[in-house]
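Peer 1:
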Amino acid sequence: MKLSYRDLCRAWGIDEQEHRLLFEWLMQDPRDEQGRLTREIGLTKLGGTPEKLQRVHTPADLAHGNIFYRQDGTPFPARNGQAVSVSKMDFNFNIPREFESEKKQRRGVER
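Take 2 as the starting number for the sequence shown in this note's numbering and just add one per residue.
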């Protein structure tokens, strides 16, 4: 069973409104030419700051599973026992109603 966006934020100890745009970025994952995911969001400790990650698929990575890199190119410490990450396939991104009006207002300003 997938968590909702709200439940994921609660489990991670992060504010759902503050990080909504980051999760919208995740949901727009363009996938690579073979249809594989290319984006993740990672957290090195609960209650910390989520960060954008690049998911890299190479033959060397297959023995270890996927390897993730931060935006600056440094490896994300996914195996430190505390770090967590999600792809767009790991949760349901249903924007809470209280954020819908804000999103519509933002669209009006962008036009």
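Ideal placement from N, C-alpha and C gives every residue a C-beta, glycine not left out.
Residue 85: which of 74, 18, 69 and 75 sits nearest, CA to CA?
Peer 2: Comparing Cα positions, the closest option is 69.
Peer 1: Have a look at residue 45 and residue 27 and give me their C-alpha separation to the nearest angstrom.
Peer 2: Rounded to the nearest angstrom, the two C-alpha atoms are 17 angstroms apart.
Peer 1: Give me the Cα-Cα distance between residue 34 and residue 95, rounded to the nearest whole angstrom.
Peer 2: Distance between the alpha carbons of residue 34 and residue 95: 27 angstroms.
Peer 1: Along the beta strand (DSSP E) that carries residue 54, what are the first and last residues, could you check?
Peer 2: 52–57
Peer 1: In chain order, what residues of the same chain have a beta carbon less than 7 angstroms from the beta carbon of residue 71, not counting five sequence neighbours either side?
Peer 2: 52, 54 and 77
Peer 1: According to DSSP, simplified to helix, strand and coil, what is residue 37?
Peer 2: coil
Peer 1: Closest by CA to residue 20, which one among 6, 32, 30 and 57?
Peer 2: 6
Peer 1: DSSP state of residue 71, grouped into three classes?
Peer 2: strand
Peer 1: Measure the alpha-carbon distance for residue 50 versus residue 43 and round it to whole angstroms.
Peer 2: 9 angstroms
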